[in-house]
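Position 253 (the sequence shown) corresponds to 1067 in the working numbering; numbering is contiguous.
All residues carry an ideal CB built from backbone N, CA and C; glycine is no exception.
Since the model is a prediction, treat every value here as computed from it, not as a measurement.
I have placed the structure first, in the form of structure tokens, so that the comments after it can refer back to it.
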Amino acid sequence: MKYNCIGLINLTKRNKKSGKRSIDEIIEEMPSTLFVTDPNGNILISNEFTALTIGVQLEELLKANVQDLVKAGYYSHSITMEAIQSKQKVSKNIDTSRGFHVFSTAIPILDKDGEVQLVVTTSNEFKQEHTYFEANVPVTQQINKQLGEAGAGKGKGIVAESLAMKQIIKVCNQIASYDSKVLLYGESGTGKEVIAKYIHLKSEKWKGPFIAINCAAIAPAVFEYELFGYEKGAFEGQAEVKAGMIEIANDGVLFLDEIADLPLEMQAKLLRVLENNEVRRVGGISNIPINCRVISATNRDLWSLVKKGLFREDLYYRINVIPIHIPPLRNRKLDLVGLISSFIASFNQMYGKKYVLSAEEFDKMLSQPWHGNARELRNYVERLVVTEYMGTSQEEEDDVADWFTIDHFIEKNKDQLSALKDFTAIAEGRYIKKVLKDCYGNGTEAAKKLSVDRSVIYRKLKKMEEVLDSKTL
Ligand SMILES: Nc1ncnc2c1ncn2[C@@H]1O[C@H](COP(=O)(O)OP(=O)(O)OP(=O)(O)O)[C@@H](O)[C@H]1O
């Protein structure tokens, strides 16, 4: 009996090695909820989509028992357990804690003695209490129309054509009007900030500011000043009063990006602010009430950092009220298609070009893994539109890369760039970008390779952008 469960799980690993689409990948991309459980209701296999419909992490789901999910209120009842008890296929409507009515079917797989070995439970028909999308109109178009109405067009450009992304948008719509804290998980460049801005624009705080703080980019020494602000004389020679970012975010959204990089000492201070809903400027004597919605984001496994003592457990629970996982772009093919056409249209407009992708080029783009996700794709498309060129061989690709080399850049812009510090800023920035790309956008890994602190990376990239902007290159 055990062998069969393990056999099924092993099969998923074997196929991975062969380079073919593994069962893991197919399950991962399935636009439906799925549980495979053992005869006691312990979940052996599931997917991100399932996790998303109830608002837990897949990792947690894989440790759960279906009965616990019912007890915790995620589902109205368990048809998996019904199928285990009756040894018959069961189909029923189930309500999830996120307001979804799901039509589910549980099929028991019996051994030769008629005992249950596994139960496969799937659902692929979703009805939400409030229908949000109209049929026959692209979802992306509907989202952007709504965003245009809510926030004067600020959020235009979100692509959400895959089922996973539509599901995320639905969840965002459900939670937008509450002030519950949201934690966005996802690889670098998957669109966490895009989603945070979407929640902001759909919420009642849309008229308030959206203040984004990159916790990895601020040097630890100035963190407190930046977040909490300071009063006159807070430190030597300091004569000005400054409001911190938390205070500035009042009546709006505070977006804590890369929250895993918050130093432990700052985590304790942030926790106090979130618990008491008030902040005290450095050197101040009174507390200032705060009323902002907190959305955090990370591309790291926060729970494993908690277990290693690198992230405070109390803060983890405080910020992780509504977890939303954004899957990587390689698992959202429909979004990939939507993003390619949306990026081409916007760069054509920006650069006054008329670039058109050939079918061959399009195919090539669809088959790439895009480890840097939408950000990598965006940069790639920008390069294509600007150079109107797409290599098919490695040699040609190297030529395209060469277009961006520092020599080429200097040659083109030598009249505008004269100060050594500007060259240095651009050379450093370009090198950091290259290393970041090699590390698939993982800042921690890139910082390790470059032997610098993560905050240095972001500071230098910002410096390069400033030089580029000032020279309008
Ligand atoms: N669904 C989407 N529709 C349109 N553009 C998107 C979408 N997702 C991402 N992008 C674009 O991709 C780029 C990266 O997105 P974003 O900054 O939100 O990613 P992120 O996950 O917050 O990255 P990081 O982890 O590095 O902070 C941005 O230019 C953004 O506009």
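| request: Name, in chain order, the residues that DSSP records as bridge partners for LYS1107. | output: Walking along the sequence shown from the start, residue 1107 turns up at place 293. Correcting the residue identity first, residue 1107 is Arg in this sequence and not Lys. VAL1067.
| query | On the three-state DSSP scale, how would you describe ALA878? | reply | The residue labelled residue 878 in the question sits at position 64 within the sequence shown. Of the three classes helix, strand and coil, the one that applies to ALA878 here is coil, per DSSP.
| Which residues in the same chain as VAL1281 place their Cβ atom closer than 7 angstroms to its Cβ, once the five residues preceding and following it in sequence are excluded? | Here the question's residue 1281 lines up with position 467 in the sequence shown. Excluding residues within five positions, the ones whose Cβ falls inside 7 angstroms are ASP1236, ALA1239, ILE1240.
| field | Beta-carbon spacing of ALA1188, GLY1005 below 8 angstroms | value | Start at 1 with the first residue of the sequence shown, and residue 1188 comes out as number 374. Start at 1 with the first residue of the sequence shown, and residue 1005 comes out as number 191. Their beta carbons are under 8 angstroms apart, which means ALA1188 touches GLY1005 by this criterion.
| query | Just how far apart, CA to CA, sit LYS1178 and MET1278? | reply | On the sequence shown, residue 1178 is found 364 positions in, with the first residue counted as 1. On the sequence shown, residue 1278 is found 464 positions in, with the first residue counted as 1. Their backbone Cα atoms lie some 31 angstroms apart in a straight line.
| Using 8 angstroms as the threshold, is the segment 1074–1083 in touch with the segment 1132–1149, meaning 3 or more CB pairs across them? | Result no; under three Cβ-Cβ pairs closer than 8 angstroms.
| message | Looking at the strands, I want to know which residues DSSP matches up with ASN1028. | response | Stepping through the sequence shown from its first residue, residue 1028 is reached at position 214. Beta-bridge pairing links ASN1028 to ASP1071.
| said: For ILE982 and SER991, what's the separation of their Cα atoms in angstroms? | reply: Looking up residue 982 in the sequence shown gives position 168. Looking up residue 991 in the sequence shown gives position 177. Taking C-alpha positions only, ILE982 is separated from SER991 by approximately 15 angstroms.
| Local Cβ density within 10 Å of MET895, reported as buried at 16 or more and exposed below that | Here residue 895 refers to the residue found at position 81 when the sequence shown is read from its first residue. It counts as buried.
| field | PHE849 - containing beta strand (DSSP E), residue span | value | Taking the sequence shown and counting its residues from 1, the one referred to as residue 849 is at position 35. For PHE849, the enclosing beta strand (DSSP E) stretches over residues 847–851.
| request: Could you pull the start and end residues of the alpha helix (DSSP H) that ASP1149 belongs to? | output: Stepping through the sequence shown from its first residue, residue 1149 is reached at position 335. For ASP1149, the enclosing alpha helix (DSSP H) stretches over residues 1147–1165.
| request: Consult DSSP for LEU1171 and reduce its assignment to one of helix, strand or coil. | output: Within the sequence shown, numbered from 1, the residue matching residue 1171 stands at position 357. LEU1171 falls in the coil class under three-state DSSP.
| Going by alpha carbons, who is nearest to ASN806 out of GLN899, SER900, ILE893, LYS901? | Residue 806 is absent from the model: the chain starts at 815 and stops at 1287.
| request: Give the DSSP-derived three-state secondary structure of THR1112 in the structure shown. | output: Looking up residue 1112 in the sequence shown gives position 298. In the structure shown, THR1112 sits in a strand (DSSP, three-state: E or B).
| field | Exposure label - GLN988; buried when at least 16 CB within 10 Å | value | As a working mapping, residue 988 is identified with position 174 in the sequence shown. Per the 10 Å Cβ criterion, buried.
| query | Any contact of the segment 1019–1036 with the segment 1158–1176, i.e. 3+ C-beta pairs under 8 angstroms? | reply | Segments in contact, no.
| task | To the nearest angstrom, report how far apart ARG1273 and GLY1003 are at their CA atoms. | result | In the sequence shown, residue 1273 corresponds to position 459, counting from 1. In the sequence shown, residue 1003 corresponds to position 189, counting from 1. In a straight line, the C-alpha of ARG1273 is about 18 angstroms away from that of GLY1003.
| Which parts of the segment 993–1023 are runs of the alpha helix (DSSP H), unbroken and 4 residues or longer, counting only runs that do not cross its ends? | 1006–1016
| task | Identify which residue in GLU874, ILE1109, GLY1243, CYS1029 has its Cα closest to the Cα of HIS1014. | result | Mapped onto the sequence shown, residue 1014 falls at position 200. Per the Cα distances, ILE1109.
| message | Would ILE898 and LEU876 qualify as a contact pair, given that the criterion is a beta-carbon distance under 8 angstroms? | response | Here residue 898 corresponds to residue number 84 of the sequence shown, with the count starting at 1. Here residue 876 corresponds to residue number 62 of the sequence shown, with the count starting at 1. Their beta carbons are not under 8 angstroms apart, which means ILE898 does not touch LEU876 by this criterion.
| Cβ-heavy atom distance between ARG1192 and ligand 1 below 7 angstroms? | Counting from 1 along the sequence shown, the entry for residue 1192 is found at position 378. For ligand 1, at least one heavy atom lies less than 7 angstroms from the Cβ of ARG1192.
| said: Closest to GLU873 by C-alpha separation, out of LEU1116, TYR1169, LYS1167, would be which residue? | reply: Start at 1 with the first residue of the sequence shown, and residue 873 comes out as number 59. It is LEU1116 whose Cα lies nearest to the Cα of GLU873.
| query | Does the Cβ-Cβ distance between ILE1246 and LEU1234 come in under 8 angstroms? | reply | Within the sequence shown, the letter at position 432 stands for residue 1246. Within the sequence shown, the letter at position 420 stands for residue 1234. No, these two residues do not count as a Cβ contact at 8 angstroms.
| field | Beta-carbon spacing of ILE1140, LEU998 below 8 angstroms | value | In the sequence shown, counting from the first residue as 1, residue 1140 sits at position 326. In the sequence shown, counting from the first residue as 1, residue 998 sits at position 184. Going by C-beta atoms, ILE1140 is nearer than 8 angstroms to LEU998.
| message | Pop quiz: ARG1045 and GLY1097 are said to be a contact at Cβ under 8 angstroms. What is the actual Cβ separation, rounded to whole angstroms? | response | Residue numbering aside, residue 1045 sits at position 231 when the sequence shown is read from its first letter. Residue numbering aside, residue 1097 sits at position 283 when the sequence shown is read from its first letter. This sequence places Glu at residue 1045; Arg is not what is there. The C-beta distance from GLU1045 to GLY1097 rounds to 4 angstroms, short enough to meet the 8 angstroms contact threshold.
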